[in-house]
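Numbering (UniProt numbering), first residue to last: 1 to 251.
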């Protein structure tokens, strides 16, 4: 899946061209204006992500549901700890796992009341422990697919660590159906990290796994450069194989 932001009508119209050149589903990420969701559906979006904290009231959601049902496309209720509904924040005082879950459940009920069940849910937070707790709570209350992610996770190294812990911890418990790695970096790196998380947990085997040591005084070659060169040279291979790289003398 590829999620694209739809901040205005021009972006919504561009979905038709994007779809014509894409071989995978395109998900429209909608905030603030429900009319953008309607336009995204009209222009061929394969799914929607709605933020319940800013999309508007029941009447607006109902219009979106009618259009989504007509095209048989799913809606992800994308709760974000940083943009919870004011009423929820007033009740809990600050974004808590319980507040995030209640926000999601409220909007699930709205969609269910409208007889719409093509639903996916996400509960994203920049706090890894908060994100884990929220998903655990939600998984006990619903059977809908859960989309995992740590939002605003940071740059390549720190973000990779946060995503790996948050997403990996939940997947290891059997929680989660789809994932998105969030990095302030090239989106290609996000996909690579996501695959590595799945590989490490034995959930998806794809491409080359490099086996190499961290080097020590016994290393006789520039192993850093060699490992990176080999990894880059084998990026197009999708067959799951392991490649070991070493040149060490053992006495």
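Don't be surprised by glycine CBs; every beta carbon is placed ideally from N, CA and C.
Computed from a prediction, not measured in an experiment: that's the story for all the values here.
Residues that residue i bridges to, as DSSP identifies them
{"i": "residue 122", "result": "78"}
{"i": "residue 245", "result": "212"}
{"i": "residue 150", "result": "125"}
{"i": "residue 29", "result": "5, 49"}
{"i": "residue 178", "result": "147"}
Neighbour-count burial assignment, residue i, 16 or more Cβ in a 10 Å radius
{"i": "residue 163", "result": "buried"}
{"i": "residue 70", "result": "exposed"}
{"i": "residue 158", "result": "exposed"}
{"i": "residue 232", "result": "exposed"}
{"i": "residue 64", "result": "buried"}
{"i": "residue 112", "result": "exposed"}
Cβ-Cβ separation, residue j to residue i (assumed contact under 8 Å), whole Å
{"i": "residue 133", "j": "residue 95", "result": "Wrong, their Cβ atoms sit about 12 Å apart, outside the cutoff."}
{"i": "residue 22", "j": "residue 48", "result": "Contact flag wrong, Cβ pair sits at about 16 Å."}
{"i": "residue 153", "j": "residue 126", "result": "7 Å"}
{"i": "residue 105", "j": "residue 58", "result": "Not confirmed; about 15 Å, so no contact."}
Residue from the options whose Cα sits closest to the Cα of residue i
{"i": "residue 34", "options": "17, 68, 129", "result": "68"}
{"i": "residue 244", "options": "195, 226, 237, 176", "result": "226"}
{"i": "residue 38", "options": "53, 13, 52", "result": "13"}
{"i": "residue 18", "options": "43, 202, 205", "result": "43"}
{"i": "residue 123", "options": "112, 113, 108", "result": "108"}
{"i": "residue 210", "options": "85, 146, 228", "result": "228"}
{"i": "residue 7", "options": "36, 208, 16", "result": "36"}
{"i": "residue 16", "options": "2, 3, 41, 5", "result": "41"}
{"i": "residue 130", "options": "145, 160, 165", "result": "165"}
Segment contact, 8 Å Cβ cut-off, at least three pairs: the region 117-124 with the region 69-76: yes
Contact the region 204-221 vs the region 171-190: 3+ CB pairs below 8 Å: no
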